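Engineer: Supplied in structure tokens, the structure appears directly below.
There are 2 protein chains.
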Amino acid sequence: VDFWFSIGSTYSYLSVMRLPEVESRTGVPFRWCPFNVRDIMVEMKNIPFSTKPVKAAYMWRDIERRAAMYGLPFEGVPPYPIHDLARVNRLAAMAAEQGWCADLAQATYRYWYQKRQDPSTDEALSEIAANLGRDPEQLMAMAQSDDGGRQLELRTAQARALGIFGAPTWAVGRELFWGDDRLDDAIAWQRRGTLSGARTP
Amino acid sequence: VDFWFSIGSTYSYLSVMRLPEVESRTGVPFRWCPFNVRDIMVEMKNIPFSTKPVKAAYMWRDIERRAAMYGLPFEGVPPYPIHDLARVNRLAAMAAEQGWCADLAQATYRYWYQKRQDPSTDEALSEIAANLGRDPEQLMAMAQSDDGGRQLELRTAQARALGIFGAPTWAVGRELFWGDDRLDDAIAWQRRGTLSGARTP
Numbered sequence: 718v719d720f721w722f723s724i725g726s727t728y729s730y731l732s733v734m735r736l737p738e739v740e741s742r743t744g745v746p747f748r749w750c751p752f753n754v755r756d757i758m759v760e761m762k763n764i765p766f767s768t769k770p771v772k773a774a775y776m777w778r779d780i781e782r783r784a785a786m787y788g789l790p791f792e793g794v795p796p797y798p799i800h801d802l803a804r805v806n807r808l809a810a811m812a813a814e815q816g817w818c819a820d821l822a823q824a825t826y827r828y829w830y831q832k833r834q835d836p837s838t839d840e841a842l843s844e845i846a847a848n849l850g851r852d853p854e855q856l857m858a859m860a861q862s863d864d865g866g867r868q869l870e871l872r873t874a875q876a877r878a879l880g881i882f883g884a885p886t887w888a889v890g891r892e893l894f895w896g897d898d899r900l901d902d903a904i905a906w907q908r909r910g911t912l913s914g915a916r917t918p
Numbered sequence: 718v719d720f721w722f723s724i725g726s727t728y729s730y731l732s733v734m735r736l737p738e739v740e741s742r743t744g745v746p747f748r749w750c751p752f753n754v755r756d757i758m759v760e761m762k763n764i765p766f767s768t769k770p771v772k773a774a775y776m777w778r779d780i781e782r783r784a785a786m787y788g789l790p791f792e793g794v795p796p797y798p799i800h801d802l803a804r805v806n807r808l809a810a811m812a813a814e815q816g817w818c819a820d821l822a823q824a825t826y827r828y829w830y831q832k833r834q835d836p837s838t839d840e841a842l843s844e845i846a847a848n849l850g851r852d853p854e855q856l857m858a859m860a861q862s863d864d865g866g867r868q869l870e871l872r873t874a875q876a877r878a879l880g881i882f883g884a885p886t887w888a889v890g891r892e893l894f895w896g897d898d899r900l901d902d903a904i905a906w907q908r909r910g911t912l913s914g915a916r917t918p
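Going down the list, the sequences are from chains A and B. 718 is the number of the first residue of the first sequence in this note's numbering; add one for each residue after it. 718 is the number of the first residue of the second sequence in this note's numbering; add one for each residue after it.
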């Protein structure tokens with residue numbers, strides 16, 4: 718199952734933090750696919766929260782309740798939207814190339830949601846690097862690199878071609894499942910190619 | 718649990734058609750609360766599908782897959798949006814006052830999704846009336862009545878005051894759960910006041 722996400726997507730917190738446990742419990746392998754959801758949403762004029770305060774308030778409450786359901790911390794609403802979404806996702810794209818995207822994404826979401834500070838600043842990247850036992854200067858260089866920019870653009874183009882319009886999205890072949898709450902559906906589809914009988918309604 | 722919905726909401730098909738079975742199986746009582754979701758969405762400039770073809774295509778595929786999961790028919794995409802949302806929901810508001818809203822909503826969704834024709838026309842209302850063993854003229858008069866208009870406005874004002882922004886929404890006291898896919902959450906909340914441990918993630 719391909720896990721398409723952007724650091725900066727609110728509901729992706731739930732997916733990023735629980736996915737390693739889900740993977741080991743179910744035996745279903747996941748591929749971490751960072752992309753730039755903001756670019757696609759701007760293209761589609763899809764503005765779910767920033768101009769819709771009632772819906773945004775609901776979204777945070779929904780995340781809070783579901784974090785508790787999954788046993789994840791939620792101490793309060795983090796800063797939103799994050800300032801430099803492209804920067805942290807260029808880094809995530811590089812990390813995905815090198816096989817440490819899950820660790821980076823978890824460290825970054827921890828900083829954003831649990832420390833409740835913007836994870837795209839110099840200070841944030843330094844602390845995230847330290848938490849990962851990596852060199853801060855090297856991490857910041859990767860986040861700024863042309864290679865990271867190209868990787869992120871390429872992955873965003875792939876997401877666009879698949880018909881992805883939001884994050885997180887689970888892809889099983891060309892079958893898309895949008896939202897943290899569709900993870901069960903994606904797993905059922907990967908196993909049986911149908912949702913029939915997947916859940917007692 | 719209060720079931721806030723509008724005839725015309727696409728995902729409400731899944732909720733309307735499966736709710737009586739869920740109610741009898743779980744023993745949780747539901748109150749059918751029709752309102753005018755379109756008015757609220759226009760106020761909030763919340764346009765989820767009509768200007769977003771990629772997202773709309775996903776939505777129909779998601780409904781198709783989930784209908785199969787619930788054992789509900791889905792023969793193809795029905796006409797969308799329906800022409801006179803207010804008309805059918807004035808009737809639903811009157812039916813709710815008189816205790817036959819579930820029957821009306823199911824008959825209307827069957828016409829819309831299974832016959833795949835707009836359920837707000839004269840022809841549709843006549844056939845729906847016949848299927849319910851009711852007088853077509855009387856049904857059309859109710860759909861046009863000032864009383865129906867007032868009932869629908871009142872219910873829409875209540876939904877707005879609760880912070881409802883979409884349909885279907887499940888309300889347990891002031892706690893809101895948006896989407897057909899949040900029915901399990903609403904039932905868990907009604908029983909225990911928390912989602913913790915509600916589901917193996």
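C-beta: ideal position from N, C-alpha, C; glycine also. Values in this document were obtained by computation on a predicted structure and should not be read as measured data.
With contact counted as at least three CB pairs below 8 angstroms, one residue from each stretch, are the stretch 871-885 of chain B and the stretch 883-898 of chain A in contact?
Structural biologist: As far as the Cβ criterion goes, the stretch 871-885 of chain B does not touch the stretch 883-898 of chain A, which means the pair count is below three.
Engineer: Cβ of B:TYR775 less than 8 angstroms from any chain A Cβ?
Structural biologist: Taking the first residue of the second sequence as 1, we reach residue 775 of chain B at position 58. Yes, its Cβ sits closer than 8 angstroms to a Cβ of chain A.
Engineer: Using a Cβ cut-off of 7 angstroms, pull out every chain A residue sitting near B:LEU912, in sequence order please.
Structural biologist: Counting from 1 along the second sequence, the entry for residue 912 of chain B is found at position 195. Under the 7 angstroms cutoff, chain A gives ARG782, ARG783, ALA785, MET786.
Engineer: Express the C-alpha separation of B:THR911 and A:ALA860 in angstroms, rounding to a whole number.
Structural biologist: Counting from one through the first sequence, the residue named residue 860 of chain A turns up at place 143. Counting from one through the second sequence, the residue named residue 911 of chain B turns up at place 194. Cα to Cα, A:ALA860 sits roughly 40 angstroms from B:THR911.
Engineer: B:VAL771 touches chain A at which residues, Cβ-Cβ below 7 angstroms?
Structural biologist: For the purposes of this step, residue 771 of chain B is identified with residue 54 of the second sequence, where counting begins at 1. The contacting residues are MET761, GLY880, PHE882.
Engineer: Should A:VAL771 and A:GLN907 be called a contact, given that it needs their Cβ atoms to be closer than 8 angstroms?
Structural biologist: Counting from one through the first sequence, the residue named residue 771 of chain A turns up at place 54. Counting from one through the first sequence, the residue named residue 907 of chain A turns up at place 190. No, the Cβ-Cβ distance between A:VAL771 and A:GLN907 is not below 8 angstroms.
Engineer: Is A:PRO737 helix, strand or coil by DSSP?
Structural biologist: The residue given as residue 737 of chain A occupies position 20 in the first sequence. Looking at A:PRO737 - three-state DSSP - the assignment turns out to be helix.
Engineer: Taking the continuous beta strand (DSSP E) assigned at B:ASP719, which residues delimit it?
Structural biologist: Looking up residue 719 of chain B in the second sequence gives position 2. Looking at the DSSP string, the run of the beta strand (DSSP E) that includes B:ASP719 is 719-722.
Engineer: Less than 8 angstroms between the beta carbons of A:PRO885 and A:TYR728, yes or no?
Structural biologist: As a first step, residue 885 of chain A must be located in the first sequence, where it is residue number 168. As a first step, residue 728 of chain A must be located in the first sequence, where it is residue number 11. Cβ atoms of A:PRO885 and A:TYR728: closer than 8 angstroms.
Engineer: For B:ALA876 and A:ALA774, I'd like the C-alpha separation in whole angstroms.
Structural biologist: As a working note, residue 876 of chain B is residue 159 in the second sequence. As a working note, residue 774 of chain A is residue 57 in the first sequence. Straight-line Cα distance between these residues: approximately 15 angstroms.
Engineer: Beta-carbon of B:LEU893 versus every beta-carbon of chain A: anything under 8 angstroms?
Structural biologist: Taking the second sequence and counting its residues from 1, the one referred to as residue 893 of chain B is at position 176. True, the Cβ-Cβ gap to chain A drops below 8 angstroms.
Engineer: Check whether the stretch 806-817 of chain A and the stretch 782-797 of chain A are in contact - that is, three or more C-beta pairs closer than 8 angstroms.
Structural biologist: Short answer: they don't touch.
Engineer: How is the beta strand (DSSP E) around A:THR886 delimited, first residue to last?
Structural biologist: By one-based count along the first sequence, residue 886 of chain A stands at place 169. First-last of the beta strand (DSSP E) with A:THR886: 886-889.
Engineer: With a threshold of 8 angstroms between beta-carbons, can A:ASP898 be considered close to chain B, or not?
Structural biologist: Residue 898 of chain A sits at position 181 when you count from the first residue of the first sequence. Yes, contact with chain B.
Engineer: Answer with buried or exposed for B:THR825, where buried requires no fewer than 16 other C-beta atoms within 10 angstroms of its C-beta.
Structural biologist: One-based indexing of the second sequence puts residue 825 of chain B at position 108. So B:THR825 ends up on the buried side.
Engineer: With 16 as the cutoff for other CB atoms within 10 Å, does B:LEU871 come out buried or exposed?
Structural biologist: Along the second sequence, read from residue 1 onward, the residue named residue 871 of chain B stands at position 154. It counts as exposed.
Engineer: Touch check for the stretch 721-741 of chain A and the stretch 778-792 of chain A: three-plus C-beta pairs under 8 angstroms?
Structural biologist: With the cut-off at 8 angstroms, the stretch 721-741 of chain A and the stretch 778-792 of chain A touch.
Engineer: Taking the alpha-carbon of A:PHE720 as reference, which of A:ARG909, A:SER913, A:THR873 has the nearest alpha-carbon?
Structural biologist: As a working note, residue 720 of chain A is residue 3 in the first sequence. Considering only alpha carbons, the answer is A:THR873.
Engineer: How about B:SER843: is its C-beta nearer than 8 angstroms to some C-beta of chain A?
Structural biologist: Here residue 843 of chain B is taken as the residue at index 126 of the second sequence, counted from 1. So no, B:SER843 is outside the interface.
Engineer: May I have the straight-line CA-CA distance separating B:GLU760 from A:ILE757, to the nearest angstrom?
Structural biologist: Within the second sequence, residue 760 of chain B is the residue found at index 43, counting from 1. Within the first sequence, residue 757 of chain A is the residue found at index 40, counting from 1. If I take the Cα positions, the gap works out to 25 angstroms.
Engineer: Can you tell me whether A:ARG833 is buried or exposed? The criterion is at least 16 other CB atoms within 10 Å of its CB, across all chains shown.
Structural biologist: Stepping through the first sequence from its first residue, residue 833 of chain A is reached at position 116. Under this definition A:ARG833 is an exposed residue.
Engineer: Consider the Cβ of A:THR768: report whether some Cβ of chain B lies at a distance smaller than 8 angstroms.
Structural biologist: Residue mapping note: residue 768 of chain A aligns to position 51 of the first sequence, counting from 1. Interface residue, yes.
Engineer: What do you get for A:SER723, buried or exposed, if any count of 16 or more other CB atoms within 10 angstroms of its CB means buried?
Structural biologist: Here the question's residue 723 of chain A lines up with position 6 in the first sequence. The residue is buried, with at least 16 neighbouring Cβ atoms inside 10 Å.
Engineer: Are the C-beta of B:ASN763 and some C-beta of chain D separated by less than 8 angstroms?
Structural biologist: The structure shown has no chain D; the protein chains it does contain are A and B.
Engineer: Could you tell me which residues DSSP puts in a beta bridge with A:PHE894?
Structural biologist: To locate residue 894 of chain A, count along the first sequence from 1; it is residue 177. Answer by DSSP bridge pairing, in chain order: A:TRP887.
Engineer: For B:ARG932, name the three-state secondary structure that DSSP assigns.
Structural biologist: With chain B represented from 718 up to 918, any question about residue 932 of chain B goes unanswered, as that position is not in the structure.
Engineer: Going by C-alpha to C-alpha distance, which of A:GLU738, A:ARG778, A:TRP817, A:SER741 sits closest to A:GLY850?
Structural biologist: Position 133 of the first sequence, counted from the start, is the residue given in the question as residue 850 of chain A. Closest option to A:GLY850, Cα to Cα, is A:TRP817.
Engineer: By DSSP, does A:TRP749 sit in helix, in strand, or in coil?
Structural biologist: One-based indexing of the first sequence puts residue 749 of chain A at position 32. Correct three-state label for A:TRP749: strand.
Engineer: Candidates A:VAL754, A:TYR730, A:SER741: which alpha carbon is nearest A:ASP779's?
Structural biologist: Against the first sequence, residue 779 of chain A aligns to sequence position 62. The shortest C-alpha separation from A:ASP779 is found at A:TYR730.
Engineer: By how many angstroms is the C-alpha of A:MET811 removed from the C-alpha of A:ARG748?
Structural biologist: One-based indexing of the first sequence puts residue 748 of chain A at position 31. One-based indexing of the first sequence puts residue 811 of chain A at position 94. Straight-line Cα distance between these residues: approximately 14 angstroms.
Engineer: Roughly how many whole angstroms lie between the Cα atoms of A:VAL739 and B:ARG742?
Structural biologist: For the purposes of this step, residue 739 of chain A is taken as residue 22 along the first sequence, with counting starting at 1. For the purposes of this step, residue 742 of chain B is taken as residue 25 along the second sequence, with counting starting at 1. Using only the alpha carbons, I get a separation of about 29 angstroms.
Engineer: Can you tell me whether B:MET836 is buried or exposed, with buried defined as 16 or more other CB within 10 angstroms of its CB?
Structural biologist: Sequence index remark: in the second sequence, residue 836 of chain B carries index 119 (1-based). Going by the sequence as given, residue 836 of chain B is Pro instead of Met. By the 10 Å Cβ count, B:PRO836 comes out buried.
Engineer: With a Cβ-Cβ cutoff of 8 angstroms, do A:GLY768 and B:LYS769 count as a contact?
Structural biologist: Within the first sequence, the letter at position 51 stands for residue 768 of chain A. Within the second sequence, the letter at position 52 stands for residue 769 of chain B. Correcting the residue type first, residue 768 of chain A is Thr in the shown sequence and not Gly. For A:THR768 and B:LYS769, no; Cβs fall outside 8 angstroms.
Engineer: Classify A:ASP902 as buried or exposed, calling it buried when 16 or more other Cβ atoms lie within 10 Å of its own Cβ.
Structural biologist: Taking the first sequence and counting its residues from 1, one reaches residue 902 of chain A at position 185. Classification of A:ASP902: buried, given that the 10 Å Cβ count is 16 or more.
Engineer: Measuring straight from C-alpha to C-alpha, what distance separates B:PRO765 and B:ASP852?
Structural biologist: Locating residue 765 of chain B in the second sequence gives position 48, counting from the first residue. Locating residue 852 of chain B in the second sequence gives position 135, counting from the first residue. Cα to Cα, B:PRO765 sits roughly 36 angstroms from B:ASP852.
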